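Asks:
Residue numbers (our numbering): 235 to 617.
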(Lines of atoms letter the chains of each structure in order from A; the text may use other names.)
(Lines give C-alpha, C1' and ligand atoms only; values in the text may rest on other atoms or scores of the structure.)
Protein backbone atom coordinates (compact mmCIF):
# COMPACT_ATOMS: atom_id res chain seq x y z
CA UNK A 235 0.00 0.00 0.00
CA UNK A 236 3.00 2.29 0.44
CA UNK A 237 3.70 4.69 3.25
CA UNK A 238 0.54 6.30 4.64
CA UNK A 239 0.46 7.76 8.14
CA UNK A 240 -2.76 7.31 10.08
CA UNK A 241 -3.64 8.60 13.53
CA UNK A 242 -5.72 7.65 16.55
CA UNK A 243 -9.44 8.09 15.94
CA UNK A 244 -10.05 9.13 19.55
CA UNK A 245 -7.32 11.68 20.36
CA UNK A 246 -5.93 12.34 16.87
CA UNK A 247 -2.38 11.75 18.06
CA UNK A 248 0.47 9.75 16.47
CA UNK A 249 0.53 5.96 16.72
CA UNK A 250 4.20 5.71 17.60
CA UNK A 251 6.60 7.57 19.85
CA UNK A 252 9.84 7.52 17.90
CA UNK A 253 11.36 10.58 16.18
CA UNK A 254 9.31 12.95 18.35
CA UNK A 255 11.75 14.12 21.03
CA UNK A 256 14.92 16.12 20.39
CA UNK A 257 18.05 14.00 20.72
CA UNK A 258 19.88 17.02 22.14
CA UNK A 259 17.51 17.11 25.12
CA UNK A 260 17.40 13.37 25.85
CA UNK A 261 17.95 12.43 29.46
CA UNK A 262 20.70 10.16 30.72
CA UNK A 263 19.91 6.51 30.03
CA UNK A 264 17.27 7.18 27.37
CA UNK A 265 17.44 5.50 23.95
CA UNK A 266 18.81 8.05 21.47
CA UNK A 267 17.73 5.87 18.53
CA UNK A 268 14.12 6.73 19.40
CA UNK A 269 14.82 10.48 19.35
CA UNK A 270 14.74 12.99 16.53
CA UNK A 271 18.16 14.10 15.32
CA UNK A 272 17.83 17.85 15.75
CA UNK A 273 21.35 18.90 14.82
CA UNK A 274 21.36 22.11 12.78
CA UNK A 275 21.41 21.54 9.01
CA UNK A 276 20.95 25.13 7.82
CA UNK A 277 23.22 28.09 7.12
CA UNK A 278 23.19 29.11 10.78
CA UNK A 279 25.29 26.07 11.62
CA UNK A 280 27.83 26.86 8.93
CA UNK A 281 28.08 30.47 10.09
CA UNK A 282 28.57 29.38 13.68
CA UNK A 283 31.36 27.00 12.68
CA UNK A 284 33.07 29.71 10.63
CA UNK A 285 32.76 32.20 13.50
CA UNK A 286 34.23 29.68 15.89
CA UNK A 287 37.14 28.91 13.58
CA UNK A 288 38.05 32.59 13.38
CA UNK A 289 37.52 33.62 17.00
CA UNK A 290 37.93 30.42 18.95
CA UNK A 291 34.86 29.41 20.98
CA UNK A 292 32.16 31.64 19.56
CA UNK A 293 29.11 32.79 21.50
CA UNK A 294 27.47 34.33 18.43
CA UNK A 295 23.84 33.39 17.70
CA UNK A 296 22.34 33.00 14.24
CA UNK A 297 18.69 32.50 13.38
CA UNK A 298 17.96 29.03 12.09
CA UNK A 299 16.06 28.49 8.86
CA UNK A 300 12.36 27.63 9.06
CA UNK A 301 13.06 24.05 7.89
CA UNK A 302 16.15 23.51 10.03
CA UNK A 303 16.19 20.28 12.04
CA UNK A 304 16.93 22.26 15.19
CA UNK A 305 13.47 23.84 15.04
CA UNK A 306 11.68 20.51 15.24
CA UNK A 307 11.08 17.97 17.96
CA UNK A 308 9.71 18.04 21.49
CA UNK A 309 11.82 18.97 24.47
CA UNK A 310 13.01 16.02 26.51
CA UNK A 311 12.96 18.32 29.52
CA UNK A 312 9.15 18.45 29.27
CA UNK A 313 8.30 14.94 28.06
CA UNK A 314 10.53 12.03 28.95
CA UNK A 315 10.85 8.76 27.05
CA UNK A 316 8.39 7.14 29.45
CA UNK A 317 5.90 10.01 29.01
CA UNK A 318 5.27 9.06 25.38
CA UNK A 319 5.49 5.26 25.55
CA UNK A 320 1.69 5.12 25.57
CA UNK A 321 1.68 6.24 21.93
CA UNK A 322 3.25 2.91 20.87
CA UNK A 323 0.43 0.76 22.28
CA UNK A 324 -2.09 0.60 19.45
CA UNK A 325 -5.27 -1.45 19.08
CA UNK A 326 -7.85 -1.80 16.33
CA UNK A 327 -11.63 -1.79 16.63
CA UNK A 328 -12.82 -4.34 14.08
CA UNK A 329 -15.30 -7.03 13.05
CA UNK A 330 -14.53 -10.74 13.10
CA UNK A 331 -14.07 -12.22 9.63
CA UNK A 332 -14.89 -8.81 8.15
CA UNK A 333 -15.11 -9.03 4.35
CA UNK A 334 -13.89 -12.63 4.31
CA UNK A 335 -16.79 -13.76 2.13
CA UNK A 336 -17.03 -10.59 0.06
CA UNK A 337 -20.14 -9.50 1.94
CA UNK A 338 -19.90 -5.94 3.23
CA UNK A 339 -23.04 -6.22 5.35
CA UNK A 340 -22.35 -5.56 9.01
CA UNK A 341 -23.33 -8.41 11.35
CA UNK A 342 -26.03 -7.82 13.94
CA UNK A 343 -24.29 -9.96 16.55
CA UNK A 344 -22.58 -7.73 19.10
CA UNK A 345 -20.01 -10.45 19.76
CA UNK A 346 -18.66 -10.00 16.23
CA UNK A 347 -17.24 -6.57 17.13
CA UNK A 348 -14.14 -6.44 19.28
CA UNK A 349 -10.95 -4.62 20.22
CA UNK A 350 -7.72 -6.38 19.27
CA UNK A 351 -4.80 -6.96 21.56
CA UNK A 352 -2.05 -4.33 21.58
CA UNK A 353 0.06 -4.23 18.43
CA UNK A 354 2.76 -2.10 16.84
CA UNK A 355 2.08 0.39 14.05
CA UNK A 356 4.33 1.34 11.17
CA UNK A 357 3.27 3.81 8.42
CA UNK A 358 4.78 1.49 5.80
CA UNK A 359 3.37 -1.80 7.03
CA UNK A 360 0.21 -1.00 8.98
CA UNK A 361 -0.60 -2.55 12.36
CA UNK A 362 0.89 -5.87 13.38
CA UNK A 363 -1.03 -7.73 16.09
CA UNK A 364 -0.06 -11.31 17.00
CA UNK A 365 -2.77 -13.72 15.89
CA UNK A 366 -4.69 -11.17 13.79
CA UNK A 367 -5.07 -11.45 10.02
CA UNK A 368 -5.88 -8.40 7.94
CA UNK A 369 -6.82 -7.76 4.34
CA UNK A 370 -3.26 -8.47 3.18
CA UNK A 371 0.11 -9.68 4.46
CA UNK A 372 -1.28 -10.46 7.93
CA UNK A 373 -1.30 -6.71 8.58
CA UNK A 374 -4.20 -4.55 9.67
CA UNK A 375 -4.89 -1.47 7.56
CA UNK A 376 -6.70 1.64 8.76
CA UNK A 377 -10.34 2.11 7.71
CA UNK A 378 -10.29 -1.20 5.79
CA UNK A 379 -9.74 -3.80 8.49
CA UNK A 380 -11.02 -1.53 11.25
CA UNK A 381 -10.22 1.65 13.13
CA UNK A 382 -7.01 2.54 14.96
CA UNK A 383 -6.99 3.79 18.53
CA UNK A 384 -4.48 3.92 21.36
CA UNK A 385 -4.88 1.41 24.16
CA UNK A 386 -4.84 4.42 26.52
CA UNK A 387 -7.60 6.15 24.55
CA UNK A 388 -9.71 2.99 24.66
CA UNK A 389 -9.30 3.01 28.44
CA UNK A 390 -10.19 6.70 28.52
CA UNK A 391 -13.38 6.37 26.47
CA UNK A 392 -14.56 3.58 28.78
CA UNK A 393 -13.69 5.65 31.85
CA UNK A 394 -15.60 8.65 30.51
CA UNK A 395 -18.55 6.43 29.64
CA UNK A 396 -18.68 5.11 33.19
CA UNK A 397 -18.21 8.55 34.75
CA UNK A 398 -20.68 10.66 32.78
CA UNK A 399 -23.47 8.15 33.30
CA UNK A 400 -24.41 7.63 29.67
CA UNK A 401 -27.66 5.89 28.83
CA UNK A 402 -25.69 3.25 26.94
CA UNK A 403 -24.79 0.45 29.37
CA UNK A 404 -22.27 -0.93 28.85
CA UNK A 405 -20.28 0.66 26.04
CA UNK A 406 -20.27 -1.96 23.30
CA UNK A 407 -17.56 -2.13 20.63
CA UNK A 408 -20.35 -2.60 18.09
CA UNK A 409 -21.90 0.80 18.86
CA UNK A 410 -18.54 2.56 18.62
CA UNK A 411 -17.61 0.73 15.41
CA UNK A 412 -20.87 1.55 13.62
CA UNK A 413 -20.56 5.19 14.70
CA UNK A 414 -17.02 5.39 13.35
CA UNK A 415 -18.08 3.73 10.13
CA UNK A 416 -20.91 6.25 9.71
CA UNK A 417 -18.50 9.16 10.25
CA UNK A 418 -15.85 7.86 7.85
CA UNK A 419 -15.97 9.80 4.58
CA UNK A 420 -13.01 8.21 2.81
CA UNK A 421 -10.83 5.16 3.45
CA UNK A 422 -7.75 7.34 3.01
CA UNK A 423 -8.67 9.73 5.82
CA UNK A 424 -5.78 9.94 8.26
CA UNK A 425 -8.31 10.08 11.10
CA UNK A 426 -12.10 10.20 11.27
CA UNK A 427 -13.76 13.57 10.82
CA UNK A 428 -16.16 13.62 13.76
CA UNK A 429 -17.69 16.94 12.70
CA UNK A 430 -17.43 18.19 16.25
CA UNK A 431 -15.02 20.92 17.32
CA UNK A 432 -14.52 19.25 20.69
CA UNK A 433 -12.73 16.27 19.11
CA UNK A 434 -8.92 16.22 18.73
CA UNK A 435 -8.44 19.68 20.29
CA UNK A 436 -5.37 20.70 18.30
CA UNK A 437 -3.78 17.47 17.07
CA UNK A 438 -5.42 17.86 13.66
CA UNK A 439 -3.00 20.70 12.90
CA UNK A 440 -0.06 18.27 12.96
CA UNK A 441 -1.54 15.31 11.05
CA UNK A 442 0.57 15.45 7.91
CA UNK A 443 2.42 12.72 6.01
CA UNK A 444 4.58 12.69 9.12
CA UNK A 445 3.49 13.89 12.54
CA UNK A 446 4.81 17.44 13.00
CA UNK A 447 6.48 17.46 16.42
CA UNK A 448 6.71 21.20 17.03
CA UNK A 449 8.30 22.60 20.22
CA UNK A 450 5.69 24.07 22.53
CA UNK A 451 3.08 21.40 21.83
CA UNK A 452 4.48 18.72 24.12
CA UNK A 453 1.19 18.67 26.03
CA UNK A 454 -0.53 16.99 23.07
CA UNK A 455 1.50 13.80 23.56
CA UNK A 456 2.00 13.71 27.35
CA UNK A 457 0.67 10.51 28.97
CA UNK A 458 -2.94 11.27 30.02
CA UNK A 459 -3.06 8.38 32.49
CA UNK A 460 0.13 9.29 34.30
CA UNK A 461 -0.74 10.03 37.95
CA UNK A 462 -1.04 13.76 38.60
CA UNK A 463 0.44 15.24 41.75
CA UNK A 464 -2.48 17.21 43.20
CA UNK A 465 -0.71 18.22 46.39
CA UNK A 466 0.21 21.67 45.03
CA UNK A 467 -3.41 22.42 44.15
CA UNK A 468 -4.57 21.36 47.60
CA UNK A 469 -1.80 23.28 49.36
CA UNK A 470 -2.51 26.46 47.38
CA UNK A 471 -6.22 26.28 48.14
CA UNK A 472 -5.92 25.83 51.90
CA UNK A 473 -7.89 28.50 53.67
CA UNK A 474 -9.73 29.14 56.91
CA UNK A 475 -11.86 31.83 55.28
CA UNK A 476 -14.48 29.54 53.89
CA UNK A 477 -17.76 30.81 52.55
CA UNK A 478 -20.42 31.42 55.17
CA UNK A 479 -24.04 31.14 54.20
CA UNK A 480 -26.13 34.21 54.85
CA UNK A 481 -29.11 32.50 56.40
CA UNK A 482 -30.63 35.90 57.14
CA UNK A 483 -31.12 36.79 53.49
CA UNK A 484 -34.41 38.53 52.81
CA UNK A 485 -37.33 36.45 51.64
CA UNK A 486 -37.87 36.78 47.94
CA UNK A 487 -41.06 37.72 46.20
CA UNK A 488 -43.60 35.00 45.61
CA UNK A 489 -43.39 35.69 41.87
CA UNK A 490 -40.50 33.22 41.77
CA UNK A 491 -41.96 29.72 42.36
CA UNK A 492 -38.62 28.61 43.84
CA UNK A 493 -38.68 31.27 46.55
CA UNK A 494 -40.59 29.00 48.94
CA UNK A 495 -37.85 26.37 48.88
CA UNK A 496 -35.67 26.19 52.01
CA UNK A 497 -32.03 27.20 51.57
CA UNK A 498 -30.68 23.68 52.08
CA UNK A 499 -32.96 22.35 49.32
CA UNK A 500 -31.73 25.05 46.94
CA UNK A 501 -28.14 24.07 47.66
CA UNK A 502 -28.88 20.39 47.05
CA UNK A 503 -30.48 21.22 43.70
CA UNK A 504 -27.48 23.30 42.67
CA UNK A 505 -25.14 20.50 43.71
CA UNK A 506 -26.89 17.96 41.50
CA UNK A 507 -26.98 20.01 38.30
CA UNK A 508 -24.22 20.26 35.68
CA UNK A 509 -22.54 23.66 35.50
CA UNK A 510 -24.43 24.95 32.40
CA UNK A 511 -27.75 24.13 34.08
CA UNK A 512 -26.67 25.89 37.28
CA UNK A 513 -25.89 29.01 35.27
CA UNK A 514 -29.27 28.90 33.51
CA UNK A 515 -31.12 28.43 36.78
CA UNK A 516 -29.29 31.33 38.43
CA UNK A 517 -30.17 33.56 35.47
CA UNK A 518 -33.91 32.82 35.48
CA UNK A 519 -34.51 32.45 39.22
CA UNK A 520 -33.87 35.23 41.78
CA UNK A 521 -34.22 32.58 44.51
CA UNK A 522 -31.31 30.56 43.17
CA UNK A 523 -29.39 33.71 42.35
CA UNK A 524 -29.48 34.58 46.04
CA UNK A 525 -28.49 31.06 47.01
CA UNK A 526 -25.50 31.17 44.67
CA UNK A 527 -24.03 34.32 46.27
CA UNK A 528 -22.83 32.66 49.49
CA UNK A 529 -22.45 28.97 48.85
CA UNK A 530 -21.06 26.85 51.71
CA UNK A 531 -17.79 25.02 51.21
CA UNK A 532 -19.44 21.60 51.29
CA UNK A 533 -21.34 22.68 48.17
CA UNK A 534 -18.06 23.20 46.29
CA UNK A 535 -16.69 19.94 47.66
CA UNK A 536 -19.57 18.07 46.04
CA UNK A 537 -19.25 20.20 42.87
CA UNK A 538 -15.68 19.02 42.39
CA UNK A 539 -16.77 15.78 40.74
CA UNK A 540 -19.15 17.65 38.41
CA UNK A 541 -16.79 20.43 37.38
CA UNK A 542 -13.57 18.40 37.15
CA UNK A 543 -14.61 14.80 36.31
CA UNK A 544 -11.34 14.30 34.43
CA UNK A 545 -9.10 14.84 37.45
CA UNK A 546 -7.20 11.82 38.80
CA UNK A 547 -9.53 10.99 41.68
CA UNK A 548 -7.14 8.71 43.59
CA UNK A 549 -4.31 11.24 43.59
CA UNK A 550 -6.63 14.06 44.59
CA UNK A 551 -8.21 12.14 47.45
CA UNK A 552 -4.78 11.18 48.74
CA UNK A 553 -3.66 14.82 48.71
CA UNK A 554 -6.86 15.93 50.44
CA UNK A 555 -6.41 13.27 53.12
CA UNK A 556 -2.91 14.56 53.81
CA UNK A 557 -3.98 18.21 54.03
CA UNK A 558 -3.30 19.61 57.49
CA UNK A 559 -5.85 22.41 57.37
CA UNK A 560 -9.15 23.23 55.76
CA UNK A 561 -9.40 23.39 51.99
CA UNK A 562 -11.25 26.05 50.08
CA UNK A 563 -12.90 23.80 47.50
CA UNK A 564 -14.11 26.67 45.36
CA UNK A 565 -10.52 27.82 44.98
CA UNK A 566 -9.36 24.24 44.45
CA UNK A 567 -11.74 23.83 41.52
CA UNK A 568 -10.47 27.07 40.01
CA UNK A 569 -6.82 26.01 40.33
CA UNK A 570 -7.43 22.59 38.79
CA UNK A 571 -9.38 24.08 35.88
CA UNK A 572 -6.65 26.62 35.20
CA UNK A 573 -3.94 23.95 35.22
CA UNK A 574 -5.91 21.63 32.92
CA UNK A 575 -7.08 24.28 30.47
CA UNK A 576 -5.91 24.28 26.87
CA UNK A 577 -3.08 26.83 26.48
CA UNK A 578 -4.44 30.14 25.22
CA UNK A 579 -2.35 30.15 22.04
CA UNK A 580 -2.08 26.36 21.86
CA UNK A 581 1.50 26.21 23.16
CA UNK A 582 2.50 25.14 26.65
CA UNK A 583 4.86 27.10 28.87
CA UNK A 584 8.53 25.98 28.95
CA UNK A 585 8.25 25.08 32.65
CA UNK A 586 4.68 23.75 32.67
CA UNK A 587 4.43 20.74 34.98
CA UNK A 588 0.80 19.94 34.19
CA UNK A 589 1.15 18.70 30.61
CA UNK A 590 -0.30 15.28 31.48
CA UNK A 591 -3.33 16.89 33.10
CA UNK A 592 -3.86 19.15 30.09
CA UNK A 593 -3.79 16.19 27.71
CA UNK A 594 -6.03 14.15 30.00
CA UNK A 595 -8.58 16.97 29.94
CA UNK A 596 -8.27 17.26 26.14
CA UNK A 597 -8.78 13.55 25.51
CA UNK A 598 -11.60 13.41 28.06
CA UNK A 599 -13.37 16.12 26.05
CA UNK A 600 -12.74 14.15 22.85
CA UNK A 601 -14.33 11.09 24.45
CA UNK A 602 -17.38 13.05 25.64
CA UNK A 603 -18.01 14.31 22.11
CA UNK A 604 -17.52 10.87 20.56
CA UNK A 605 -19.86 9.26 23.10
CA UNK A 606 -22.48 11.86 22.18
CA UNK A 607 -22.13 10.69 18.57
CA UNK A 608 -22.42 7.07 19.66
CA UNK A 609 -25.61 7.83 21.57
CA UNK A 610 -27.09 9.70 18.60
CA UNK A 611 -26.24 6.82 16.27
CA UNK A 612 -27.70 4.25 18.64
CA UNK A 613 -30.96 6.18 19.03
CA UNK A 614 -31.31 6.55 15.26
CA UNK A 615 -31.00 2.77 14.86
CA UNK A 616 -33.79 2.05 17.36
CA UNK A 617 -37.12 1.50 15.53
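We put the CB at the ideal spot given by N, CA and C, even for glycine. The structure displayed is predicted, hence computed values, not measured ones.
1) Cα separation between residue 573 and residue 360?
2) Kindly indicate the opening and closing residues of the alpha helix (DSSP H) around residue 467.
3) Please go through the same chain and pick out, in chain order, the residues whose beta-carbon is closer than 7 angstroms to the beta-carbon of residue 468, but skip the five residues on each side of it.
4) Between residue 600 and residue 608, what straight-line distance do the alpha-carbon atoms span, to the nearest angstrom?
5) For residue 532, which three-state DSSP category applies?
6) Between the C-alpha atoms of residue 434 and residue 493, what's the straight-line distance to the nearest angstrom?
7) Helix, strand or coil for residue 298? Go by DSSP, reduced to three states.
8) Look up residue 455 in the DSSP assignment and say whether it is helix, strand or coil.
9) Mind checking which residues open and close the beta strand (DSSP E) that includes residue 344?
10) Under 8 angstroms, with one C-beta from each stretch per pair, do the segment 295 to 305 and the segment 343 to 354 reach the 3-pair mark?
11) Hey, quick one: how far does the beta strand (DSSP E) through residue 355 stretch, first residue to last?
12) Give me whichever residues DSSP pairs with residue 450 in a beta bridge.
13) Could you give the uninterrupted runs of the beta strand (DSSP E) lying entirely in the segment 357 to 400, keeping only those of 3 residues or more?
14) Quick one: any contact between the segment 438 to 446 and the segment 373 to 380, if contact means 3 or more CB pairs under 8 angstroms?
15) Less than 8 angstroms between the beta carbons of residue 381 and residue 324, yes or no?
16) Compute the Euclidean distance between the alpha carbons of residue 317 and residue 595, then round it to the nearest angstrom.
17) Tell me which residue opens and which closes the alpha helix (DSSP H) that residue 566 is part of.
18) In terms of residues, what are the limits of the alpha helix (DSSP H) holding residue 325?
19) From which residue to which residue does the alpha helix (DSSP H) around residue 547 run?
20) Among 387, 458, 343 and 328, which one has its Cα closest to the Cα of residue 366?
21) Whole angstroms is fine: what's the gap from residue 238's alpha carbon to residue 591's?
22) Hey, is the segment 423 to 432 in contact with the segment 239 to 252, meaning 3+ C-beta pairs nearer than 8 angstroms?
23) In this structure, what does DSSP give as the bridge partners for residue 618?
24) So the alpha helix (DSSP H) residue 503 belongs to, where does it begin and stop?
25) Can you list, in chain order, the residues of its chain whose CB lies under 7 angstroms from that of residue 454, leaving out five sequence neighbours each side?
26) Would you kindly work out how many angstroms separate the C-alpha atoms of residue 487 and residue 536, rounded to a whole number?
27) Expressed to the nearest angstrom, what Euclidean distance is found between the alpha-carbon atoms of residue 264 and residue 518?
28) Could you check the C-alpha separation between residue 516 and residue 538 for me, to the nearest Å?
29) Do the segment 258 to 272 and the segment 341 to 348 make contact, defined as three or more Cβ pairs closer than 8 angstroms?
30) If we ignore side chains and look at the alpha-carbon of each, how far apart do residue 523 and residue 532 end up?
31) Measuring alpha carbon to alpha carbon, tell me which of 499, 410, 395 and 498 ends up nearest residue 543.
32) Between residue 611 and residue 416, is the Cβ-Cβ spacing less than 8 angstroms?
33) Could you pull out every residue in the same chain whose Cβ sits closer than 6 angstroms to the Cβ of residue 304, ignoring the five residues on either side in sequence?
34) To the nearest angstrom, how far is the alpha carbon of residue 388 from that of residue 445?
35) Excluding the 5 residues flanking residue 430 on each side, which residues of the same chain have their C-beta closer than 6 angstroms to its C-beta?
36) Considering residue 409, what are the terminal residues of the alpha helix (DSSP H) in which it resides?
Replies: The relevant details are as follows:
1) Spanning the two alpha carbons is a distance of roughly 36 angstroms.
2) From DSSP, the alpha helix (DSSP H) with residue 467 extends over 465 to 470.
3) Within the same chain, residue 468 has close Cβ partners 553, 554, 557, 561 and 566.
4) Looking at the two C-alpha atoms, the distance is approximately 12 angstroms.
5) DSSP places residue 532 in the helix class (H, G or I) of the three-state scheme.
6) Answer to the nearest angstrom: the Cα atoms are 43 angstroms apart.
7) Here residue 298 sits in coil by DSSP.
8) Reduced to three states, the DSSP call for residue 455 is coil.
9) Counting along the chain, residue 344 falls outside any beta strand (DSSP E), and DSSP gives it neither H nor E.
10) Two segments are said to touch when three or more pairs of C-beta atoms, one from each, lie closer than 8 angstroms; by this definition the segment 295 to 305 does not touch the segment 343 to 354.
11) Annotation for residue 355: the continuous beta strand (DSSP E) segment containing it runs 354 to 356.
12) Partner(s): none; residue 450 has no beta bridge.
13) Taken in chain order, the complete beta strand (DSSP E) segments of 3 or more residues contained in the segment 357 to 400 are 360 to 362 and 381 to 384.
14) Judged by Cβ distances under 8 angstroms, the segment 438 to 446 makes no contact with the segment 373 to 380, as fewer than three pairs qualify.
15) Not in contact: residue 381 and residue 324 (Cβ atoms no closer than 8 angstroms).
16) Whole-angstrom Cα-Cα distance: 16 angstroms.
17) DSSP places residue 566 inside the alpha helix (DSSP H), whose first and last residues are 563 to 574.
18) From DSSP, residue 325 is part of no alpha helix (DSSP H) but of the beta strand (DSSP E) over 324 to 329.
19) Taken as a continuous stretch (DSSP letters only), the alpha helix (DSSP H) holding residue 547 covers 547 to 555.
20) When each option's Cα is compared against that of residue 366, the closest is 328.
21) Roughly 31 angstroms separates the two Cα atoms.
22) Contact between the segment 423 to 432 and the segment 239 to 252 is present, because at least three Cβ pairs lie under 8 angstroms.
23) Missing from the structure shown is residue 618; the chain here goes from 235 to 617 and no further.
24) Run containing residue 503: 497 to 506, per the alpha helix (DSSP H) assignment.
25) Excluding its 5 nearest sequence neighbours in each direction, residue 454 has C-beta neighbours in its own chain below 7 angstroms: 247, 436, 437 and 593, listed in chain order.
26) Because the pLDDT at residue 487 is just 48, under 50, the model does not fix this residue reliably, and the value given afterwards should be weighed accordingly. For residue 487 and residue 536, the distance between alpha carbons rounds to 29 angstroms.
27) Taking the straight line from one Cα to the other gives about 58 angstroms.
28) About 19 angstroms.
29) The segment 258 to 272 vs the segment 341 to 348: no contact.
30) Taking the Cα positions, residue 523 is about 18 angstroms away from residue 532.
31) Here the closest residue by C-alpha is 395.
32) For residue 611 and residue 416, yes; Cβs fall inside 8 angstroms.
33) If we look at residue 304 and ignore the five residues flanking it on each side, its Cβ neighbours are 272, 274 and 298.
34) Roughly 21 angstroms between the two C-alpha positions.
35) Excluding the 5 residues flanking it on each side, residue 430 has same chain C-beta neighbours closer than 6 angstroms at 603, in chain order.
36) For residue 409, the enclosing alpha helix (DSSP H) starts and ends at 407 to 417.
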